[in-house]
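Asks:
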Amino acid sequence: MNFKKLLSLSEAVKITDLEAAQASAAHAQIIQKKRFLKQLYTDFYHRFKAEGLQGKIVELGSGGGFIKQIIPQAITSDLVKLPTADRQFSALQMPFAKNSVGTLLMLNVFHHLGDPLKFLQEASRVLQPGGKIMMIEPANTWWSRRMFKNWHHENFNPQTGWQQQPNRLAAANDALAWIILSRDRQKFVKLLPQLKITKMELHTPLLFLLSGGLSYRQFVPNFTYRLFKWVEYLLQPLNNLLAIFMTIIIEKK
80 MNFKKLLSLS EAVKITDLEA AQASAAHAQI IQKKRFLKQL YTDFYHRFKA EGLQGKIVEL
140 GSGGGFIKQI IPQAITSDLV KLPTADRQFS ALQMPFAKNS VGTLLMLNVF HHLGDPLKFL
200 QEASRVLQPG GKIMMIEPAN TWWSRRMFKN WHHENFNPQT GWQQQPNRLA AANDALAWII
260 LSRDRQKFVK LLPQLKITKM ELHTPLLFLL SGGLSYRQFV PNFTYRLFKW VEYLLQPLNN
320 LLAIFMTIII EKK
């Protein structure tokens with residue numbers, strides 16, 4: 080416990096209310112300050128680009144991110160009013176017409192949703208045929224379970240159901256995407272026949288942990304980013320055991 084306190088970022092310790100807009104501002108400052116972490120976010124955004132963005136592009140839960148630097152045409156949004164977000168609305172009730180959105184982007188957002196089924200139904204409403212939900216979410220592997228349970232402030236419980244507490248950031252289950260899209264795949268197919276899961280790719284066993292994330296100090300120098308990215312490339316055959324994140328693509332039929 081004392082060891083983790085020693086490694087904690089002073090900016091993160093000062094955050095007293097994760098639901099407040101100030102928390103997102105603090106997270107933005109942390110990301111910009113930590114070049115290693117910012118590079119990881121940049122790579123995540125490029126993963127989205129590589130999947131083929133189409134139509135109206137909307138990022139949900141933009142928070143402290145900087146997606147417009149990589150995807151300038153994206154409409155940013157959040158549940159709370161943020162100076163960096165174009166729109167303020169809930170992912171459960173989006174202000175878009177039926178079949179009007181081509182791509183919904185979510186970076187570590189899905190596991191914060193209080194009612195993920197309602198979101199998926201709403202996403203199906205606003206997406207045009209062939210439109211996609213693209214998300215990067217925590218994976219459920221031997222390594223990720225240990226990392227999230229011991230080093231992350233959010234809950235990681237692969238045994239629970241779909242519903243969560245309706246808080247924006249304070250209540251979360253990092254295993255939620257795995258629960259709905261992998262463990263309960265048949266339930267997903269039955270409840271959401273208009274959506275199909277086209278990709279679940281495991282990746283990033285080291286970089287997030289080494290960056291310290293939004294809570295801890297960086298563990299390695301900035302110049303080692305490419306080195307560890309190369310190490311991750313070599314570890315790809317072991318991603319079923321070691322991956323911390325996964326890229327998920329869900330397409331509207």
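Sequential numbering of the sequence shown, starting at 80, is according to the working numbering.
Quick reminder that beta carbons are idealized off the backbone N, C-alpha and C, glycines included.
Note that the structure is predicted; figures quoted are calculated from it, not measured.
Specify the secondary structure class of Q52 as computed by DSSP and reduced to three states.
Replies: This structure leaves residue 52 out entirely; the chain is present only between 80 and 332.
Asks: Measuring alpha carbon to alpha carbon, tell me which of T277, N236, D194 ends up nearest P217.
Replies: The option with the nearest alpha carbon to P217 is N236.
Asks: For chain C, check one thing: does any of its Cβ atoms lie closer than 8 Å to the Cβ of Q118?
Replies: This model lacks chain C altogether; it includes just one protein chain.
Asks: Suppose contacts are defined by Cβ-Cβ distances below 8 Å. Is S223 in contact with I150 by that definition?
Replies: No, these two residues do not count as a Cβ contact at 8 Å.
Asks: Look up T155 in the DSSP assignment and give the residues it is bridged to.
Replies: Partner(s): E138.
Asks: So, helix, strand or coil for E233, using DSSP?
Replies: Correct three-state label for E233: coil.
Asks: Classify I323 as helix, strand or coil using the three-state DSSP reduction.
Replies: I323: coil per DSSP, three-state reduction.
Asks: Short of 7 Å in beta carbon distance, which residues of its chain neighbour Q315, apart from the five on each side in sequence? Order them along the chain.
Replies: Once the five neighbours on either side are set aside, Q315 has no close Cβ partner at all.
Asks: If V180 sits next to Q167, beta carbons under 8 Å apart, how far is it from one beta carbon to the other, in whole angstroms?
Replies: The Cβ separation is near 17 Å, so there is no contact.
Asks: With burial defined as no fewer than 16 other Cβ atoms inside 10 Å of the residue's Cβ, what is the status of W257: buried or exposed?
Replies: W257 should be labelled buried.
Asks: Taking the C-alpha atoms as reference points, what is the distance between W309 and A176?
Replies: Looking at the two C-alpha atoms, the distance is approximately 43 Å.
Asks: Checking the sheet assignment: what are the DSSP bridge partners for V180?
Replies: In the DSSP output, where bridge partners are listed per residue, V180 has L206.
Asks: Measuring only the C-alpha atoms, how far is M185 from M214?
Replies: The straight-line gap from Cα to Cα measures roughly 5 Å.
Asks: Sort R114, L199, T277, R305 by Cα distance to L271 and report the nearest one.
Replies: Of the listed residues, the one whose Cα sits closest to L271 is L199.
Asks: Just mark K278 as buried or exposed, buried being the case when its beta carbon has 16 or more other beta carbons within 10 Å.
Replies: Exposed: under 16 other Cβ atoms inside 10 Å.
Asks: Where DSSP assigns a beta bridge to L196, which residues make up the other side?
Replies: Per DSSP, none; premise fails for L196.
Asks: Tell me whether T121 sits in a helix, a strand or coil according to DSSP, three-state version.
Replies: Three-state DSSP puts T121 in a helix.
Asks: Would you grab the beta carbon distance between E201 and L161 for me? Rounded to a whole angstrom, and I think it's under 8 Å.
Replies: Contact flag wrong, Cβ pair sits at about 21 Å.
Asks: Taking the alpha-carbon of G140 as reference, which of Q133, T155, G131, F127 has the nearest alpha-carbon?
Replies: Minimum Cα distance to G140 is reached at T155.
Asks: Taking the alpha-carbon of G240 as reference, which of K332, H190, K135 has the nearest alpha-carbon?
Replies: Selected option, being the one with the closest Cα: H190.
Asks: Using 10 angstroms around the beta-carbon of A164, count the other beta-carbons present and answer buried if the total reaches 16, otherwise exposed.
Replies: Answer is buried; the Cβ neighbour count reaches 16.
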